[in-house]
Every structure is written in C-alpha cells, then in structure tokens.
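Novice:
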Amino acid sequence: MSQSKLTDRFGRTVNYVRLSVTDRCDFRCVYCMAEEMTFLPRQQVLTLEEIARLAKTFVSLGTEKIRLTGGEPLVRKDIIELVREIGTYGLRDFAMTTNGSQLPTMAEPLRKAGLKRLNISLDSLDPIKFASITRTGKLSRVLEGLDAAREAGFDGIKLNTVVMKGGNDHEVPDLIEFARKKNVDITFIEEMPLGTISAHDRGQALCTSDEVRDIVRQHHELIPTPEDSGGPARYYRMSDSPIKVGFISPHSHNFCATCNRVRVTVEGRLLLCLGNEHSVDLRRVLRGYPVNDDKLRQTIIDSMDLKPERHHFSTNGDVQILRFMNMTGG
Ligand code: SAM
Ligand code: SF4
13 MSQSKLTDRF GRTVNYVRLS VTDRCDFRCV YCMAEEMTFL PRQQVLTLEE
63 IARLAKTFVS LGTEKIRLTG GEPLVRKDII ELVREIGTYG LRDFAMTTNG
113 SQLPTMAEPL RKAGLKRLNI SLDSLDPIKF ASITRTGKLS RVLEGLDAAR
163 EAGFDGIKLN TVVMKGGNDH EVPDLIEFAR KKNVDITFIE EMPLGTISAH
213 DRGQALCTSD EVRDIVRQHH ELIPTPEDSG GPARYYRMSD SPIKVGFISP
263 HSHNFCATCN RVRVTVEGRL LLCLGNEHSV DLRRVLRGYP VNDDKLRQTI
313 IDSMDLKPER HHFSTNGDVQ ILRFMNMTGG
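Residues in the sequence shown are numbered consecutively from 13, following my numbering.
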C-alpha cells in the first residue's frame, strides 16, 4: 500500500474516505431528515463510474479505508457492482454503513462482492419506538438483515445507536444485552446538529457519552481499551463478552486532533470536516473534458489545505450546519 500523500496543515494524514452513494433513503429518521425531503435530481448525482474513479484516485493517494454510506447506500441501483469494483482496489478496510432494511437479500451478495465490514444502525428494539424514530422503518426487517449479515461472514459487524434523552436512552441496557447476545460490537453516538429538524429539540435530547456510559456501568464494568477502528469512536470491553462498546462523542470529547478522514457527497463535493462547510467541487473536475486524472489527484491534494483544525458544535440545539446527515454521508 502506498504511503498517504494527503496531509493537512496540522500534520494529520488522511487515509480514510467516506463516500456517499446516494442522498435517498427508505427511512426518515427523526434526527437525520425532515419528514418531507426533496432529493437531488439525477444529473447532479455522481454516476457509479464517477464514484469508482474517485475511489481509485483516493487509493492512489494512499487511502487505505473506504466506507460507502448515504442516504441509504443499499437503495442505490447497482450498488453491488460498485462494491465489486472497489473491492478490487486492495483496500485494508472496506466498509458500509446501512440501515439494514435491504440486508435480508443483500448481505450475502455484498460479502461475496468484497465488502469486509458492516455498520448497521439500530436505535430501538421496540417495534413501535423503532417505527416512530425511523418514521417508515420496520424493526423485524432490520433484525432479519442483521442475522443475514452474521450468516454471510463479514469480518466485523457493528451496531450504531444515536441516543436521545427521553427518546431511546432507556433502551441502552437492552441494546447492550442484544449486542452481547448477537456477538456484535455496538457504538453509541451523540446526536449532531446537521440540518433543521422538527421532531425534537436537539439540545434537550442530547444524551452525552458520559451519561450513556453511566447507564451501561449500572449493569457491566467497562474496561477502557486503546483499540481503534480508524474512526472517531473510543472503545471499551467487558470481561465476560468478546464485544466492543464504542462511544462517538462529537460534543463531549472532541476527536478532531486525530481526524484522518474526509467525505465526498453524492454530488461530488469533497467535505474536509463533518462540522464545517469547507468543501471542494470534485464533480466539476471529474466531468471536465478531456479526462484528466492528474488534475483530479492534484485537486484532492490541494484541498487538504482547507481542512479546518476542528469543528465547533454547540450543545444548545442550534443548527450550525445546514446540510442534513443524508447529504453529508454519515
Ligand atoms: N442510512 C444509513 C444508516 O442509517 O446507517 C447510512 C447513512 S446514516 C446518515 C449514517 C449514520 O449517521 C447512522 O448511524 C445514523 O444513525 C447517523 N446519523 C444520522 N443523522 C445524525 C445526526 N444528526 N447526529 C448523529 N448521527 C446521525
Ligand atoms: Fe436514512 Fe440513515 Fe438518515 Fe435514517 S440515518 S434517514 S436510515 S440516511
């Protein structure tokens, strides 16, 4: 694997890219989207060939880990073909974040196409609560999808839970027991102020990682571990289970100093930071004529100078970033 050629002004090396393959989704999670969403017209969205070309270019610049996300990546037509293509680029880690609704049929084809790891979002084990958080999702389908993923033999499966005070925080103990029973890792995430939502007040619903840890500790001892998965989570282990319990704490434990990643939206906007608007239009370069891969590479290298030192999310519920998470590529 080549040495990363992507280093920013603060000496951070970027070797992890999250590619959004669609802004569309079959769910409307209350913290992620408004109930009525307008999605992008097709011509503004990168083609699968353009996404693959971007992925290949990043790999040539030393990227070792790619995560496909969205929106819901599994609602993008021909996503398996894209996975198969990117799977040939020799990545150390190749992962996807999904809501799990399509996994009952797609888990095995994804694994066979070369995907190594899956993150599956799961905010509730109560079918009614699950339906109210996702607005359109069906819990049984996601649980079936999780089992299909376990059978397909991925290198790793992790559950992602956004914890909301007065929403699903009371389910933290059940979610931990569930993860232990299914033998999958679980990460609890603090809600971030991306996009304007109406379902709840983000400030009031913020449940910090410290609070979630306290809930878990009423049932299990948590042993800190320095292991990391190349992402922002801090991990803990339990003496009587092989699973890892992670916490992503954009509010309470800023992870910017070790940030090694960038995101590309499905419109080809290179986002240098989740919590800032700095971006570079790669679609313009991708669609430039004649095709010029050197220019694409140089544009990506130059854009590293725009990566800000840190994000500044406030906890009072204010929206600081106007784009929703489904546009950002969570
Ligand atoms: N649709 C897929 C899913 O739900 O897993 C992938 C995209 S989704 C945007 C990626 C992750 O971002 C999910 O785990 C979701 O729970 C999380 N997420 C969405 N909006 C968020 C927000 N405002 N704050 C924190 N996490 C959020
Ligand atoms: Fe869709 Fe994922 Fe956003 Fe939920 S979090 S609305 S599943 S993109």
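By construction, the Cβ of each residue, glycine as well, lies at the ideal position given by its N, Cα and C atoms.
#1: Are D105 and E84 close, meaning C-beta to C-beta below 8 angstroms?
#2: Does the distance from the CB of E93 to the CB of L60 come in under 8 angstroms?
#3: Evaluate V228 with the Cβ neighbour count: other Cβ atoms within 10 Å of its Cβ, from every protein chain shown; 16 or more gives buried, anything less gives exposed.
#4: List the whole-angstrom C-beta distance separating I235 from V196, where the pair is believed to meet the contact cut-off of C-beta under 8 angstroms.
#5: May I ask whether a heavy atom of the ligand SAM can be found less than 7 angstroms away from the beta carbon of N111?
#6: How should M13 be labelled, buried or exposed, when 16 other C-beta atoms within 10 angstroms of its C-beta is the threshold for buried?
#7: Is there at least one non-hydrogen atom of the ligand SF4 closer than 7 angstroms to the beta-carbon of G82?
#8: Using three-state DSSP, classify V154 as helix, strand or coil.
#9: Once DSSP output is grouped into helix, strand and coil, what is the label at F142?
#10: V331 by DSSP, collapsed to three states: which one?
#11: Does the distance from the CB of K141 to the CB of N111 come in under 8 angstroms?
#12: Quick check on the DSSP output: the beta strand (DSSP E) that includes F22 runs from which residue to which?
#13: With burial defined as no fewer than 16 other Cβ atoms inside 10 Å of the residue's Cβ, what is the status of S221: buried or exposed?
#14: Are at least three pairs of beta-carbons, each pair with one atom in the segment 288-298 and one in the segment 310-321, less than 8 angstroms apart?
#15: Which word fits E154, buried or exposed, when buried means at least 16 other C-beta atoms lie within 10 angstroms of its C-beta?
#16: With distances taken from CA atoms, which of R147, M118 and I98 is nearest M49?
#17: In whole angstroms, what separates the C-alpha of R225 from that of C219?
#18: Which partner residues of I201 appear in the DSSP bridge assignment?
#19: Measuring only from the beta carbon, is M204 closer than 7 angstroms to any heavy atom that is part of the ligand SAM?
#20: Would you please state the rounded distance, in angstroms, between the beta carbons of L130 and M108? I believe it to be under 8 angstroms.
#21: Within its chain, find whatever has a CB closer than 7 angstroms to the CB of R96; leave out the 5 residues flanking it on each side and keep chain order.
#22: Decide if Y301 is buried, meaning its Cβ has at least 16 other Cβ atoms within 10 Å, or exposed.
#23: Within a Cβ cutoff of 7 angstroms, which residues of the same chain sit near I63, ignoring the five residues on either side of it in sequence?
Specialist: Taking the structure as given:
#1: One-based indexing of the sequence shown puts residue 105 at position 93. One-based indexing of the sequence shown puts residue 84 at position 72. Their beta carbons are not under 8 angstroms apart, which means D105 does not touch E84 by this criterion.
#2: Locating residue 93 in the sequence shown gives position 81, counting from the first residue. Locating residue 60 in the sequence shown gives position 48, counting from the first residue. Yes, these two residues count as a Cβ contact at 8 angstroms.
#3: Stepping through the sequence shown from its first residue, residue 228 is reached at position 216. So V228 ends up on the buried side.
#4: For the purposes of this step, residue 235 is taken as residue 223 along the sequence shown, with counting starting at 1. For the purposes of this step, residue 196 is taken as residue 184 along the sequence shown, with counting starting at 1. That belief does not hold up - the Cβ atoms of I235 and V196 are roughly 18 angstroms apart, past 8 angstroms.
#5: Position 99 of the sequence shown, counted from the start, is the residue given in the question as residue 111. Yes, the beta carbon of N111 sits closer than 7 angstroms to at least one heavy atom of the ligand SAM.
#6: Residue numbering aside, residue 13 sits at position 1 when the sequence shown is read from its first letter. Confidence at M13 is low in this model, with a pLDDT of 46, below 50, so its placement is unreliable and the value that follows should be read with caution. Result: exposed.
#7: The residue given as residue 82 occupies position 70 in the sequence shown. For the ligand SF4, at least one heavy atom lies less than 7 angstroms from the Cβ of G82.
#8: Reading the sequence shown from its first residue, position 142 is the one you call residue 154. In this structure, V154 counts as helix in the three-state DSSP scheme.
#9: The residue labelled residue 142 in the question sits at position 130 within the sequence shown. Helix, per DSSP.
#10: Start at 1 with the first residue of the sequence shown, and residue 331 comes out as number 319. Because the pLDDT at V331 is just 45, under 50, the model does not fix this residue reliably, and the value given afterwards should be weighed accordingly. Looking at V331 - three-state DSSP - the assignment turns out to be coil, as it is neither helix nor strand.
#11: Counting from one through the sequence shown, the residue named residue 141 turns up at place 129. Counting from one through the sequence shown, the residue named residue 111 turns up at place 99. For K141 and N111, no; Cβs fall outside 8 angstroms.
#12: Position 10 of the sequence shown, counted from the first residue, corresponds to residue 22. Here F22 belongs to no beta strand (DSSP E), and DSSP marks it neither H nor E.
#13: The residue you call residue 221 lines up with position 209 of the sequence shown. S221 sits buried, since 16 or more C-beta atoms from the chains shown fall within 10 Å of its C-beta.
#14: yes
#15: Counting from one through the sequence shown, the residue named residue 154 turns up at place 142. The identity of residue 154 in the sequence shown is Val, whereas the question assumes Glu. V154 counts as buried, since no fewer than 16 other beta carbons sit within 10 angstroms of its beta carbon.
#16: Residue 49 sits at position 37 when you count from the first residue of the sequence shown. Here the closest residue by C-alpha is R147.
#17: Numbered from its first residue, the sequence shown carries residue 225 at position 213. Numbered from its first residue, the sequence shown carries residue 219 at position 207. Counting only the Cα atoms, C219 lies some 10 angstroms from R225.
#18: Taking the sequence shown and counting its residues from 1, one reaches residue 201 at position 189. Answer is V174 and I260, bridged to I201.
#19: As a first step, residue 204 is located in the sequence shown; it is residue number 192 there, counting from the start. Checking every heavy atom of the ligand SAM against the Cβ of M204, one is found closer than 7 angstroms.
#20: For the purposes of this step, residue 130 is taken as the residue at position 118 of the sequence shown. For the purposes of this step, residue 108 is taken as the residue at position 96 of the sequence shown. Indeed, because the Cβ distance is near 6 angstroms, the residues count as touching under 8 angstroms.
#21: Here residue 96 is taken as the residue at index 84 of the sequence shown, counted from 1. Taken in chain order, the residues that qualify are A125 and G126.
#22: In the sequence shown, counting from the first residue as 1, residue 301 sits at position 289. Y301 is exposed by the Cβ-count criterion.
#23: Sequence index remark: in the sequence shown, residue 63 carries index 51 (1-based). Contacts found: L31, V33 and L94.
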